[in-house]
Structure formats: C-alpha cells, structure tokens
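I have placed the structure first, in the form of structure tokens, so that the comments after it can refer back to it.
2 protein chains.
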Amino acid sequence: MQLVSAVPHATPTPAISFPMPGFEGGAGLAAGPIQGRRMHFARGAEIYAEGKAADQLYKVVSGTVRTCRLLPDGRRMIAQFALAGELFGLDSVGHHRFFAEAVTDVVVIAFSRRDINAWVERERAAAQSWQSYALERLAAAQDRFILLGRRTAAERVAAFLLDLVDRGLGAHDVVELPMSRYDIADYLGLTAETVSRVLSTLCKNRLIAKQGCHHLRILDREALEEQADEDAL
Amino acid sequence: MQLVSAVPHATPTPAISFPMPGFEGGAGLAAGPIQGRRMHFARGAEIYAEGKAADQLYKVVSGTVRTCRLLPDGRRMIAQFALAGELFGLDSVGHHRFFAEAVTDVVVIAFSRRDINAWVERERAAAQSWQSYALERLAAAQDRFILLGRRTAAERVAAFLLDLVDRGLGAHDVVELPMSRYDIADYLGLTAETVSRVLSTLCKNRLIAKQGCHHLRILDREALEEQADEDAL
DNA sequence: CGATTAGTTGATACGTTTCAAAAAGTGTGG
DNA sequence: CCACACTTTTTGAAACGTATCAACTAATCG
C-alpha cells in the first residue's frame, strides 16, 4: 500500500471525531477520542486492495469512494459508494473482501481497528454506537437485495438518484453525480448504456434535467419517488 | 402475534445456549446463560410480521425459516433462509423490516433482545461474539449483491445449491430442498419457471440427479462449483 | 486545441419472464 | 389404501427487458 506516500501534508489530526451514522443525533458528534490519520488520494487511486488485512476503518472527509469486487471474467460489482461524512472499510473481520478506490480526489481519515476495539471496550456508548452502525449497514444491505433482485432498470436508477440526494450529494434539487455511468451501472447491476438510456428517458419525461452529465436537476421529485416505488434502497 | 398460542408444550428451556455463528469453534458452544423460549410453528405460519417491534432474536432448532418482504405490486424478495442452528430476526434495531414465515414445521428458540444486550454488556466475550456475528452477516449480504447483480440464472442456482450443502442441508451428496421453487426464485431474484429450467438442465448435463423434487443428488460437485464460478454467495 | 475518454443513441441478440398447459407430487376423506 | 382434488413443478411458445456491439457525440485533460 502506498498509503503513506499519498499523504502530502499529514497534519497530525488532533482528536478526530468518530461519528457512527444512525447513532449520533447531529452531523458530527464527537463520539470518542480516537486519533485518525488524514490521507489524500487522487481520482482513481486505490485506497486498499482486496485481500489486504482489514485493520483500518475509513471516514470520508471530502470526495467519493467506491468499494468493488471483480469477477474472474471482468464483471464488476460496486458494493458501496461512501460519500463525505460516511464510513467504509467495514467489509469483514479479517481481510478486505472488496477493494476501495477514489471516485474523485478524496480526503479520508483512517482509524485503526485496534483503537476502535479498545474504545468500544472502554466506553458503553461507543459499543452501542458501533453496534447500531453495523446493524444499519446490514439493513441497508438487505434493502439492496430487493433493488437488485426484483426491480427494473428504471426503478433502480430512480431509487439511486433519490438515495444520493437524501445522503446530501448536491444542494437543493440538483444532484451531483461524481461517478461515471459505468460506476452507477456496476452499483445497480446494469450496464452503462442502460443507465444512460434510463436517464435520457427521465429527461424526456421531464422528471429530471441534465446540466452536464454529472449534474442533474430534479424537476418532479414526486414522480421520481413513484418510479422508485417507495421502500427501496 | 399468535406466538403464544403456537406453543403446545412450552418446555421452560433451561439455560439455552446462544451460539453466534462465526465465533464459536464447534457447533453449539454455550456462549452465555441466556434463557430462551422454545416455540413451534406449523408450515406456512407467520413467525413475526413486518413492522413489528424487533425485540426478539430467534434461533432455529429444526426446520427452515424464510424472511421476506413484499412489494406493493406483489413481487416478493426473500432475504434469508435460516436453517437449523442458524439465527434470524436481526433485521434492524427498532422494527422488523421483513416478515418471517415457517418454510417447514419449525421449532425455534426466541431470545429477548434485552437479555442479549444485557449479556453483551456484561461479558466481553459476548460482545465480541455479537460483533463478529453482525460482521459475518454483513459480509454474507455483500456477497449476495454480486450474486443478484452480476450473475446468470445458472450461476445463481448452482451457488445456491452449494451454499445449502455447505450449511448442512442434506447428508453426503444429497441436498434437501425444503423450500418451493417460488421460494428459491424469490431468494435468487428469478422466477420459479427459470429455477425449474436450470435444475432440469443441470440434470440433463449429469451435474445433479432429482430424487423427488425436494431432494437432489450432486453427481459432479466440481462442475457445479465451476458453474457457480467461485467466490459467490 | 487536438487527443482521448466518457456518454449517448441505434440495431440486434440473448436471457429471462410471462402466459399457458401438461405432468408430477401432496394431502385428504372415504 | 386408494381415489380424488388441489398444489407444485415442469415444459413449451411467445413477449419483453436488458445486454451487446457499433457508431457517433460530448466532455475532459494535457
């Protein structure tokens, strides 16, 4: 891992907050005194490889990260897009079962798994927070079964856009799409062409409007939600 | 919930073991002194409903359980088949996001979430066990993304059969399929007809042999694994 | 600004679904 | 224990949605 070399100005981040989504009330509750290492990665750079020891958990400060796996024949599946403020790297106990790459230039904070474990054992609130986080991730994963197993291309794309908005990607009714069509396709179990076609159809039907291919304006959120067909993602 | 009425001989199960798969070494490590309630359900009976408070975690003693969700238009997705010895009901923190039904006549033990939490807070090993279990479930869920998003019908069915064998459903090379073709289909994101066709093809190619439609003999495990294409499920 | 990559659109192919009917399996009451 | 009714599974034919391949266009980067 060329992690260290990828840290130009490794400011000794003092007492980084460690929010567990789903537990903290606000946006950045300082839930513990864990120190993290701030790291930078350029667009496309590998953050960790599949099979490497999963000894760190990462929090995205800015930018977007994808975690993926490749099948022998080249098919790819993206397990997660981690947006600013979100965590990634919780693949498994021992070794990473996916690899992580920077979708855009990113800044992340890496927390040592050992520190987290120690903290969780020390403080009751930490343990609860940690457990809630794991359960929330599990719930999100289960929801995705339905998306991938039982929904059409149009439903998947609509749900995906709404999910990004809900997670804060883009202001007001403008969605930012930092990732490529291929990334979206590999996240939704489709092809890039199909994603493109669905987006074009949504434009034609005046549900969204393209403002460059990485920025969409949502024109009719209600119709989009109807297309996503509730309880999804 | 007609849970209580469904308990004919509610033996006051004394000090039930509470194994967390992935943590205990053997098959039934008594990891804690948690008391559970033994319950019986007839084939097809509902064990808990979607939306109900998720205040219990269940362990299957015998039989098979499915956890599902229904979409408004009738499409169904099965999130999990819980076999003998496995846990289910860990949908979420607050309320069940899936409903659970008995695939066959089942005996389960219900553990109170409160008891589990208390135990986890009391004993260090319990906390670790609990965490490992949650992470293992998460890893399994992530693997299923690939199955549902990037694999063909034949690959999914092959992987499903191998998974059942590995989890102990059926002795030697004979797989037991307690669930219907519709159940399998809704677990794999297919239709029952497609599942049936894939199984027929596998028979024709001498990878498996049908012994009644709920018992299959695996004739060529290697070829089946090749069809499942490694790292799946 | 030109070269290269990413995105869109179209035509066709393929895999899975859908609808329909036959066959096999399962349960029940005489 | 068998016959009947019902359900589940299997098989076939046609329709549908998405993938694939190919060409073109737009965006991005040096």
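Sequence order for the protein chains is A and B.
Just so we're aligned: the first sequence equals residues 1 to 233 in UniProt numbering.
Just so we're aligned: the second sequence equals residues 1 to 233 in UniProt numbering.
Heads up, the beta-carbon is just placed ideally off N, CA and C, and yes, glycines get one too.
This structure is a prediction, so every number in the text was calculated from the model and none was measured.
Close to MET77 of chain A, with beta-carbon spacing below 8 Å, are these residues of chain B in chain order: PHE145, ILE146, GLY149 and ARG150. The shortest C-alpha to C-alpha distance from ALA45 of chain B to any of B:GLN35, B:THR67, B:LEU190 and B:ARG217 is the one to B:THR67.
Within the UniProt domain "Cyclic nucleotide-binding" (40 to 89) of chain A, the runs of beta strand (DSSP E) at least 3 residues long that lie entirely inside it are, in chain order, 46 to 48, 56 to 62, 65 to 70 and 76 to 82. With its beta carbon at least 8 Å from every one in chain A, GLU101 of chain B lies outside the interface. Pairing LYS210 of chain B with LEU219 of chain B gives a Cβ-Cβ distance that is not under 8 Å. The Cβ neighbour count for ARG206 of chain A, taken over all protein chains shown within 10 Å, is under 16; the residue is labelled exposed. In this structure GLN142 of chain B does not touch ALA100 of chain A by the C-beta definition: roughly 13 Å separates them, more than the 8 Å allowed. Residues of the region 83 to 101 of chain B with a C-beta atom less than 9 Å from some C-beta of chain A are LEU90, ASP91, SER92, VAL93, ARG97 and PHE98, listed in chain order. The beta carbon of GLY189 of chain A sits closer than 8 Å to some beta carbon of chain B. When DSSP reads this structure, VAL107 of chain B sits in a beta bridge with B:HIS40 and B:SER62.
Separation of VAL103 of chain A and ASP115 of chain A (C-alpha to C-alpha, rounded to the nearest whole angstrom) is 27 Å. The DSSP-derived three-state label of PHE98 of chain B is coil.
Among the residues of chain A, those whose CB is under 8 Å from the CB of LEU135 of chain B are LEU90, SER92, VAL93 and ALA134, following chain order. Within 10 angstroms of the beta-carbon of SER129 of chain B lie 16 or more other beta-carbons, which makes it buried.
If you draw a straight line from the Cα of ALA79 of chain B to the Cα of ARG75 of chain A, it is about 24 Å long. Between ALA54 of chain A and GLY94 of chain A a beta carbon distance of about 6 Å is seen, short of the 8 Å cut, so the two are scored as contacting. By the Cβ neighbour-count rule, LYS59 of chain A is buried, with 16 or more other Cβ atoms within 10 Å of its own.
Contacts between ALA139 of chain A and chain B, judged by CB atoms closer than 9 Å, involve ASP91, SER92, VAL93 and ARG97 in chain order. Judged by DSSP secondary structure, ALA118 of chain B falls within the alpha helix (DSSP H) whose first and last residues are 113 to 122. By the criterion of a C-beta distance shorter than 7 Å, ALA110 of chain B is surrounded in its chain by GLY36, ARG37, MET39, GLN56 and TYR58, once the five residues flanking it on both sides are discounted.
Under DSSP, VAL198 of chain A shares a beta bridge with no residue. No residue range can be given for ARG206 of chain B, since it is assigned to no alpha helix (DSSP H) and is classified by DSSP as neither H nor E. When the five nearest sequence neighbours on each side are left out, the beta carbons in the same chain lying within less than 6 Å of the beta carbon of THR194 of chain A are those of ALA153, in order along the chain. Residue pairing by DSSP places GLU225 of chain A opposite no residue, since no beta bridge is assigned to it. In terms of Cα proximity to ALA192 of chain A, the closest of A:VAL165, A:ASP173 and A:ARG156 is A:ARG156. Of all residues in the region 54 to 69 of chain A, the ones placed with a Cβ closer than 8 Å to any Cβ belonging to chain B are ARG69, in chain order. Rounded to the nearest whole angstrom, the C-alpha separation of ARG97 of chain A and GLU50 of chain A is 5 Å. Around the beta carbon of ASP73 of chain B, fewer than 16 other beta carbons sit within 10 angstroms, so the residue counts as exposed. By the beta-carbon neighbour count (other beta carbons within 10 angstroms, threshold 16), ASP186 of chain A is buried. The DSSP-derived three-state label of LEU216 of chain A is strand. Looking at the backbone, the Cα of CYS213 of chain A and that of LEU177 of chain A are separated by about 8 Å. ILE146 of chain B places its beta carbon 8 Å or farther from that of MET179 of chain A. For GLN227 of chain B, there are no C-beta contacts with chain A under 9 Å, since the nearest C-beta of that chain is about 13 Å from it.
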